[in-house]
Amino acid sequence: MSKGVTPQSKNFSAWYNDVVKKADLAEHGPVKGTMIIKPYGFALWDNIKEALDGMIKESGHTNAYFPLFIPKSFFAQEAKHVEGFAKECAVVTHTRLKSVDGDIIVDPESKLEEEVIVRPTSETVIWAMYKKWIQSYRDLPLLINQWANVVRWEMRTRLFLRTTEFLWQEGHTAHATAEEAEEETLKILEIYRRLAEEILAIPVLIGRKTEIEKFAGAEHTYSIEAMMRDKKALQSGTSHNLGQNFAKAFNVTFQNKDNQEEMVYATSWGVSTRIIGAVIMAHGDDKGLRLPPKVAPFQVVVIPIFRNDEQKKVIVKYLNPILDTLKNNLVRTKVDWREESPGFKFNDWEMKGAPIRMEIGPRDVENNQVVLVRRDTGEKNSINIDEISEIINKMLSDIHDNLFAEATEFLRANIIKTDSYDEFKKIINNGGFIRCGWDGTSETELKIKEETGATTRVIPFDENPKNLKCIYTGKPAKHEVIFAKAY
RNA sequence: CGGGGUGUAGCGCAGCCCGGUUAGCGCACCUGCUUUGGGAGCAGGGGGUCGGAGGUUCGAAUCCUCUCACCCCGACCA
């Protein structure tokens, strides 16, 4: 096993790092906390992005692009927002370097009058623009999304989960009424749920964030929360109802049908490259990644097996019509012609999580068959090439369903209801989500966090606080909440 | 920012305490032959001046001073 990865059971963190590296997804950049997303990892992101972008557009949003740089003064406008981000902003103070005695230094003469902030998120620039764009109710709703990079100078970073710079989409919408903004916020949350469950095969809990956990500057925040295989939570997408906070901060008003001036209502929402971390940790096993077929860079990886050039020629000839068939069926296929042994390639593609492996050797050519091996179950079958497209399509869909079912069962089995704080502490220690009553106060939340490391993940939509008592204070519960240790 | 640690070949490390010929090892890489249905073998080969600067010394990867970077643990976070 020396060539494999650290087993999950031994050290989940080490397993994660090993897999990211060995599956060739990403590596560290030269500046602390930065990440190089390698071609295989980026192909995965591209597929996720394409799926999400499609859903965002389908629901009436259009893409645009706003600048990376934001004037410092823009951050003065929304107090809570600043408070939330001030401690992690990269600030541009100079615009030039110069060479002094062979050393490169920042040219002091190039100091900027007003420093420029590298966006940690784009609410402020976007709302400064929206002010110009919105005058009438006819300008609303304004439904814009952008794919961008943002920078948050975090203390502790981990590839995909928390990097100094990350990629994401951020949606920013403006509405005429509070109801419409709320509807939008929930509509997006549903898109995120579908992305997680229907595309990535990751079951999620959905609900509202508490005051403490909500976005800086939001009225309230909704999120999708996934359970990783170490039973910790990963917030995988958030949708914020910003109320009129940003409209007030940037003085964005419109005239309604009754000729009255009103403040605009806003939402913002985002999914980042962090979701790749969710894919890794929700499905991966000790052999490596198990990628959901809908986003796997290669859905079928072909391993040709031959002993000499003549056999290779035979395989190529045999393979060509099969590849054509798969291509016509829009199956993403890769033939691994590398000069490595088949055994090496089997392991390598298991590490990389390719959903289906197709082995083709002399035996298969002779019998008009191919060997298919499922990554999720390890199941191995010989099939006749005449049935190849139906079988592969079915298998890809089965793999998705199976990954989802497995993760759903895992989630279900590890959400525990309790009313005992002792049991709460035990469960949090061993890993798992807790569903329990909470008195609704931030004090209680903070104390629990301090004592156990667990935070509230969401107030689930299907909560039922009646007859429940707060897990900590014993007072009547205001809400039923999910507590867990989170990434 | 507090505590701990590490910088020697592309990667992972040994050597350093007790200075001394051409600085080693594993993986990776290159060439050749044999292999190839679960991580191939043998033979040959290329590549580093030891994070940086200064100092001690006949001599420094090794001792001293300064400095830079990164990693791990904490407070903060999608």
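Going by our numbering, the letters in the first sequence line up with residues 841 to 1327, in that order.
Ideal placement from N, C-alpha and C gives every residue a C-beta, glycine not left out.
Where does the unbroken beta strand (DSSP E) through residue i begin, and where does it stop?
i: residue 1179; result: Residue 1179 -> no beta strand (DSSP E), and no H or E assigned at all.
i: residue 1064; result: 1060-1067
i: residue 1015; result: 1005-1015
i: residue 909; result: 909-911
i: residue 1106; result: 1105-1112
i: residue 1151; result: Careful: residue 1151 lies outside any beta strand (DSSP E), inside the alpha helix (DSSP H) at 1149-1168.
i: residue 937; result: 937-940
i: residue 1047; result: 1044-1048
i: residue 1397; result: Outside the shown range of the chain, which is 841 to 1327, sits residue 1397, and nothing can be said about it.
i: residue 914; result: Looking at the DSSP string, residue 914 is not in any beta strand (DSSP E), and its letter there is neither H nor E.
i: residue 1303; result: Element bounds for residue 1303: n/a, residue is neither H nor E.
i: residue 1320; result: 1319-1324
i: residue 1362; result: The question about residue 1362 has no answer, for the chain in this structure spans 841 to 1327.
i: residue 930; result: 930-934
i: residue 1144; result: 1140-1144
i: residue 1093; result: 1093-1095
i: residue 958; result: 951-958
Could you check where the alpha helix (DSSP H) with residue i kicks off and where it finishes?
i: residue 1245; result: 1228-1253
i: residue 1082; result: Not the alpha helix (DSSP H): residue 1082 falls in the beta strand (DSSP E), residues 1073-1083.
i: residue 888; result: 879-898
i: residue 853; result: 852-862
i: residue 1199; result: Taken as a continuous stretch (DSSP letters only), residue 1199 belongs to no alpha helix (DSSP H), being part of the beta strand (DSSP E) at 1196-1200.
i: residue 1217; result: That residue, residue 1217, is in no alpha helix (DSSP H); it is neither H nor E in DSSP.
i: residue 1129; result: First-last for residue 1129: undefined, no H or E at that position.
i: residue 1029; result: 1018-1034
i: residue 921; result: 919-925
Do residue i and residue j have their C-beta atoms within less than 8 angstroms of each other?
i: residue 902; j: residue 984; result: yes
i: residue 785; j: residue 989; result: Past the boundaries of the shown model lies residue 785; the chain is included only from 841 to 1327, so the question cannot be answered.
i: residue 1122; j: residue 1069; result: yes
i: residue 1264; j: residue 1255; result: no
i: residue 1103; j: residue 1127; result: no
i: residue 1183; j: residue 863; result: no
i: residue 1133; j: residue 1236; result: yes
i: residue 1119; j: residue 1139; result: no
i: residue 1199; j: residue 1155; result: no
i: residue 1022; j: residue 1108; result: no
i: residue 1225; j: residue 1208; result: yes
i: residue 999; j: residue 883; result: no
i: residue 981; j: residue 954; result: no
i: residue 1299; j: residue 1323; result: no
i: residue 932; j: residue 956; result: yes
i: residue 1326; j: residue 1075; result: yes
i: residue 1037; j: residue 1244; result: yes
i: residue 1233; j: residue 1217; result: no
i: residue 1229; j: residue 1165; result: yes
i: residue 1285; j: residue 1292; result: no
i: residue 844; j: residue 1071; result: no
For my contact list, residue i and residue j are in at a C-beta cut-off of 8 angstroms; report their separation, rounded to the angstrom.
i: residue 1043; j: residue 1131; result: Contact doesn't hold; Cβ gap of about 17 angstroms is too wide.
i: residue 1024; j: residue 1015; result: 6 angstroms
i: residue 1311; j: residue 1294; result: The Cβ separation is near 10 angstroms, so there is no contact.
i: residue 1343; j: residue 1056; result: Outside the displayed range of the chain (841 to 1327) lies residue 1343, so it cannot be described from this structure.
i: residue 979; j: residue 906; result: Not a contact, Cβ separation roughly 17 angstroms.
i: residue 1346; j: residue 986; result: Outside the displayed range of the chain (841 to 1327) lies residue 1346, so it cannot be described from this structure.
i: residue 1320; j: residue 1307; result: Residue 1320 to residue 1307, Cβ: 10 angstroms. No contact.
i: residue 1141; j: residue 1174; result: 5 angstroms
i: residue 896; j: residue 1039; result: Contact doesn't hold; Cβ gap of about 13 angstroms is too wide.
i: residue 1085; j: residue 1059; result: 7 angstroms
i: residue 968; j: residue 1090; result: 6 angstroms
i: residue 1092; j: residue 971; result: 5 angstroms
Pairing CB atoms from the segment 1302-1318 with CB atoms from the segment 1272-1279, are three or more of them under 8 angstroms? yes
What are the start and end residues of each continuous alpha helix (DSSP H) run of 4 or more residues lying completely inside the segment 961-1011, in chain order? 963-973
Does the segment 937-954 come into contact with the segment 1079-1086, if we say contact requires no fewer than three beta-carbon pairs (one atom in each stretch) closer than 8 angstroms? no
Report yes or no: do three or more beta-carbon pairs, one from the segment 921-930 and one from the segment 951-965, lie closer than 8 angstroms? yes
So, do the segment 1105-1122 and the segment 1144-1159 have three or more beta carbon pairs nearer to each other than 8 angstroms? no
Stretch-stretch touch, CB-based, cutoff 8 angstroms, three pairs: the segment 1032-1049 with the segment 1060-1068: yes
Within 8 angstroms, do at least three Cβ pairs link the segment 901-915 to the segment 961-977? yes
Between the segment 966-979 and the segment 888-898, do three or more beta carbon pairs fall short of 8 angstroms? no
Under 8 angstroms, with one C-beta from each stretch per pair, do the segment 1212-1220 and the segment 1173-1183 reach the 3-pair mark? no
In chain order, which beta strand (DSSP E) runs of at least 3 residues are fully inside the segment 1263-1290? 1273-1278
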